[in-house]
Structures are given as C-alpha cells and as structure tokens.
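In my numbering, the protein residues as written are 6 to 578.
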C-alpha cells in the first residue's frame with residue numbers, strides 16, 4: 006500500500022513538473038511573439054519610401070550629403086541590426102521549443118535591448134528624412150516674405166535717399182549683396198540643395214535686419230551730429246574768436262584753437278563712420294566728440310569764471326593787504342612799547358619784521374599781476390591762482406600777528422593778577438603763623454619751618470621782581486606758581502600739626518583716668534609727653550598714646566577722633 010502511495014506521488018510530481026514547463030514555455034513563446042511584433046512595427050516605419058522620394062528629387066550640395074548620410078544609416082539598420090535581431094529571435098524560439106527556458110529568456114532579453122536601440126535609431130533616421138523633405142517646403146515658404154522685405158527696403162532707399170547722405174552708397178552696396186544672395190538661393194533650389202537654400206535665406210533675413218536697423222539709425226545719427234555737435238563746434242569757434250576780441254589770454258600749456266580743431270576732426274570721423282554704416286564705431290566716436298567738446302568748453306569757461314572771480318575779489322584783496330600791513334605796523338609799535346616794561350622771550354619783534362618783509366613781497370606780487378592784467382598779457386586763471394595763494398598767505402600772517410598781539414595783551418593782565426595774588430600770599434602765610442601761635446605749641450618740626458621760611462622768602466623775592474623796571478613775566482609766573490604750591494603744602498601741614506596736637510591732648514586726658522590704676526598707661530603718657538615737648542612730632546605722639554588707650558578699650562582712639570572732629574566742625578561753623 007505504501008508503495009502505491011509513493012508511486013502516485015512521483016506521478017503527480019512528474020505531471021506537475023511538465024505542467025510548469027508547459028506554462029513557462031507558453032509564456033516565453035508569447036514574449037517571443039511580442040518581440041516579433043515590435044520588430045514588425047519598426048520595419049513598418051516608411052523610411053524607405055521617404056528615401057525613395059528624396060532620391061527622385063535630383064538632390065545636390067548639402068542636401069545630397071545629408072541624404073547620403075541618412076541612406077547609409079538606414080542601410081546599417083536593414084543590413085546589420087534587423088538581421089541580427091531576426092537571428093536572435095529564431096534562437097530564442099528554438100530554445101523555447103526545447104524547453105531551454107533560461108537560455109531562451111536570456112536571448113529574449115538581449116533581443117529587447119537590440120529592439121530598443123534599433124527603434125531609437127530608426128525614429129532618428131525617420132525624423133531626419135522628414136526634416137530633409139520639409140526643407141524644400143520651408144525654403145519655398147520663407148522666400149516670398151523675405152523678398153517682400155527686400156523690395157520694401159529697396160523702395161524706401163530709393164525714395165528717401167536724401168536722408169542717408171554719404172551712407173547711401175554703402176546701403177546700396179549692402180542691398181546689392183542681398184540681391185546676389187537671392188540669386189544664390191534660386192540656384193540652390195534649382196539644383197535641389199534645399200538645405201543650402203534655407204541657410205542662404207536665413208542669411209538674407211539677418212542682412213535685412215541689419216540693413217533695416219542701419220536705415221533707421223543713420224538719419225538719427227546724422228541729425229544728432231548736425232544739430233548738436235556741429236552746432237556746438239560752431240559755438241566754440243565763435244566763442245573763441247569773441248574771447249580773443251575781448252583780450253582774453255590762455256595759459257601757455259593750453260591751446261584752445263588746437264582743442265577746437267580736434268572737435269572738428271572727431272566730427273569728420275563720426276560722419277565717415279556713419280557713411281560707412283559702421284554704427285558701433287560711429288556711436289563710440291560721437292561719445293568721444295561729446296567729451297572733447299565738454300573739455301574745450303571747460304577750458305574757455307574757466308577763463309570766464311576766473312575773470313569774474315578777479316572782478317569780485319581784486320578790490321577786497323587790496324583792502325585785505327592794506328589791513329594786514331596796518332596790523333603789522335601797529336604790532337611793531339606795540340611790541341616796542343611793551344618791551345619797555347616787559348622782557349619778551351618769543352622773538353616777537355623779529356617775527357613781526359619778517360612778516361613785514363613778506364607783506365612787502367606779497368604787495369609787490371599783487372601789483373605785478375595787476376599790471377599784467379592791465380596789459381592783457383596774462384590768462385585770468387593764472388592771476389586767479391596767484392590771488393588765491395595771496396589770500397591764503399595773508400590769512401596765515403594775520404592769524405600769527407593776532408596771536409603775537411594777544412600774547413602781549415596777556416602780559417599786563419598776568420601782571421595785575423600776580424600783584425593781587427602777592428597780597429593774598431602774604432596774608433595767607435601770616436594767618437598760618439598766627440594760627441599756629443594761638444595754640445602755644447612747644448615747637449615745630451624742621452621740615453615745616455624750612456618750608457615756611459622758604460615760602461616767605463619766595464614771596465619777598467616775588468615782590469622785589471614786581472618792583473623792577475622791566476618785568477620778566479615768565480619768571481614771575483613760574484615763581485607765583487611755586488608759591489601757590491608751597492602754600493597748599495603749608496596749609497595742609499599746618500592743619501595736620503594742629504589736629505594731631507589737639508588729638509594728643511584729648512587722648513592724654515582720656516588716659517589720665519587710668520594712670521593711677523595702670524602703671525603702663527602712666528609710662529605711655531610720659532613717653533607721649535617727651536615726644537610732644539622735645540621732638541615736636543605731634544603725629545608720632547598721638548599714634549603712641551592712641552595705641553596705649555586702645556589697649557584699655559579697642560574703640561578708645563576712634564571715640565577720641567570722633568569727638569575731636571565734631572568739635573572741630575563746630576569751631577569752623
């Protein structure tokens with residue numbers, strides 16, 4: 006029984022295997038049929054018919070060369086690619102019939118790739134054939150439009166030749182070239198070279214575009230040159246002649262006549278470029294003419310502006326020169342007067358005399374340029390430049406002279422201030438002495454006394470210097486400043502002496518309460534007394550007793566100082 010079941014399973018498996026092979030074979034056969042249908046579709050594209058039509062047109066030139074290339078490409082497809090596909094398809098079907106399905110599938114995949122490549126190639130060839138066939142119609146279709154444009158341009162050129170001036174010949178020459186191209190076009194069409202005919206027609210249209218642009222632009226450029234630049238040239242010539250008649254002169258490095266001739270030359274170049282229909286060059290030359298005209302106008306207008314400047318400033322400059330000279334003379338007299346009372350350290354007289362010499366030279370130059378003007382032998386711009394330099398020099402001299410005179414006037418004011426200060430210096434130092442005396446101190450430190458007596462001597466010296474016939478204010482001011490500095494130091498030192506002396510007395514009074522019960526305090530009081538009476542170092546004395554009372558109470562010295570400052574504030578109030 007088991008044997009029968011096994012046999013039955015084997016039979017079923019065999020039948021199933023044959024069923025699968027049959028199914029796969031049917032599917033591969035169907036795929037082969039589809040590939041064959043694709044091949045038939047490719048072969049049905051009417052490339053051969055189109056090529057036959059072209060061959061019967063008696064082609065030549067570019068068109069013939071394109072046809073021959075297409076023909077060669079088509080032959081490569083029909084002789085090599087399609088037979089290769091056919092052979093592969095036969096192999097695929099044979100493998101399918103033998104149930105070599107894997108190999109059949111591989112071959113069919115190869116066939117599919119070849120069909121894709123061939124289809125693309127045939128489509129390209131077919132498009133090129135159609136384009137080549139259409140070139141005849143395209144060439145014929147554009148001809149009439151182009152010829153109508155040509156006829157219109159020719160008519161306009163003949164009817165309005167006056168608008169184009171010397172450019173008429175150039176335009177007619179370009180028109181004749183276009184006419185010659187039409188002849189070439191007709192010959193190419195007759196010879197069956199439709200591609201060449203199309204290229205010629207494109208060139209004709211391009212040339213017509215250029216010609217139409219020239220015919221529009223040339224009258225505009227002629228009008229621009231005539232109405233603007235030639236008129237400006239005439240204006241320059243007339244203006245130059247008028248300026249010469251009015252006795253204008255120009256700098257030696259400026260040749261206005263030559264600049265005007267350059268304008269004329271550039272205008273002729275522009276007209277020639279227009280006549281040659283070289284519009285880009287003409288536009289560039291016209292721009293150059295504009296710059297040359299502007300520059301030439303500027304040369305002439307500069308002289309006009311300079312004359313106006315001279316007319317407005319000549320009188321004022323003379324008055325300015327007189328005023329600075331007058332200030333110089335006054336300054337010399339003032340320096341002489343002041344030098345009788347004061348010693349001068351800034352070489353004021355020498356500087357003022359140097360300015361006098363410079364003013365004389367400036368006045369001589371001013372007269373020289375004015376004489377040249379009167380004789381009409383110098384350009385206004387040269388005089389203008391010298392006037393401006395003269396004005397700058399006068400401003401500098403006047404400013405320096407004013408500073409010198411201001412320094413002289415300050416001497417008297419400084420003297421008055423120092424004399425007033427001397428009175429206060431003397432008063433301050435005597436007040437300090439009285440302040441110290443009223444506290445009946447046992448003595449003063451050597452450093453304090455040295456500063457005090459040195460300051461007193463400086464005050465005496467200052468008083469003596471102020472009583473001289475000629476005062477040296479530099480020395481006096483320096484001495485006055487030294488006294489002020491010393492008085493500030495003395496004032497601070499005096500206040501410190503009094504403060505520490507009184508603080509010492511207050512601290513000793515505080516310590517006396519403990520000297521019976523505290524022998525160390527009694528000893529510190531005696532040491533403080535010795536420092537106070539014998540060394541006269543009141544700060545040292547206070548520091549010693551302050552440390553002593555702080556041993557009793559850490560806040561003791563602070564309390565003494567606080568009470569003292571409060572009492573001091575009340576006294577000052």
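Glycine included, each C-beta is placed from N, C-alpha and C at the ideal position.
- Under DSSP, residue 347 shares a beta bridge with 476.
- Per DSSP, reduced to three states, the secondary structure at residue 169 is coil, with no helix or strand assignment.
- One Cα belongs to residue 303, the other to residue 269, and the distance between them is close to 17 Å.
- The C-beta distance from residue 515 to residue 565 rounds to 6 Å, short enough to fall under 8 Å.
- In the DSSP assignment, residue 355 falls within the alpha helix (DSSP H) that extends over 353-379.
- DSSP, read as helix, strand or coil, puts residue 445 in coil.
- Across the structure, residue 214 and residue 293 are spaced so that their CA atoms are roughly 27 Å apart.
- Judged by pairs of C-beta atoms under 8 Å, the segment 174-190 does not touch the segment 239-256, as fewer than three such pairs exist.
- Residue state for residue 558 is assigned as coil, using DSSP reduced to three classes.
- A Cβ-Cβ contact shorter than 8 Å links residue 223 with residue 282.
- In the DSSP assignment, residue 522 falls outside any alpha helix (DSSP H), carrying neither H nor E.
- When the five nearest sequence neighbours on each side are left out, the beta carbons in the same chain lying within less than 7 Å of the beta carbon of residue 318 are those of 392, in order along the chain.
- Rounded to whole angstroms, the Cβ separation of residue 456 and residue 495 is 6 Å, and the two are in contact under 8 Å.
- Taking one beta carbon from each stretch, the segment 546-554 and the segment 501-513 have 3 or more pairs nearer than 8 Å; the two touch.
- Following the DSSP letters along the chain, one finds residue 275 inside the alpha helix (DSSP H) bounded by residues 261-280.
- Between residue 520 and residue 563, the alpha-carbon positions lie close to 20 Å from each other.
- Only residues of its own chain outside the window of five on either side were considered, and among them 261 and 384 have a CB closer than 6 Å to the CB of residue 255, listed in chain order.
- Counted as a single uninterrupted DSSP element, the alpha helix (DSSP H) harbouring residue 242 occupies residues 236-250.
- Annotation: the continuous alpha helix (DSSP H) that includes residue 468 extends over 451-471.
- Selection 420, 507 and 422 evaluated against residue 447 yields 507 as nearest (Cα-Cα).
- In this structure residue 257 is exposed. Its beta-carbon is surrounded by fewer than 16 other beta-carbon atoms within 10 angstroms.
- Fewer than three pairs of CB atoms, one per stretch, sit closer than 8 Å, so the segment 340-356 makes no contact with the segment 369-382.
- Secondary structure of residue 253 (DSSP, three-state): coil.
- Assignment of residue 518 by DSSP, reduced to helix, strand and coil, places it in the coil class.
- A straight line joining the alpha-carbon of residue 340 with that of residue 417 spans about 13 Å.
- DSSP, reduced to helix, strand and coil, places residue 202 within a helical segment of the structure shown.
- Of 377, 290 and 311, the smallest CA-CA separation from residue 227 is found for 290.
- Cβ-Cβ distances below 8 Å link residue 212 to 179, 182, 183 and 186 in the same chain, with the five nearest sequence neighbours on each side left out; the list follows chain order.
- The three-state secondary structure of residue 340, taken from DSSP, is helix.
- Around the beta carbon of residue 230, a 10 Å sphere encloses 16 or more other beta carbons of the protein chains shown; the residue is thus reported as buried.
- The DSSP-derived three-state label of residue 290 is helix.
- Between the segment 431-441 and the segment 457-477 there are three or more C-beta pairs closer than 8 Å, enough to call the two in contact.
- Residue 337 sits close to residue 358, with the two beta carbons spaced by under 8 Å.
- Inclusion of residue 329 and residue 402 in the CB contact set at 8 Å is warranted, their separation being smaller than that value.
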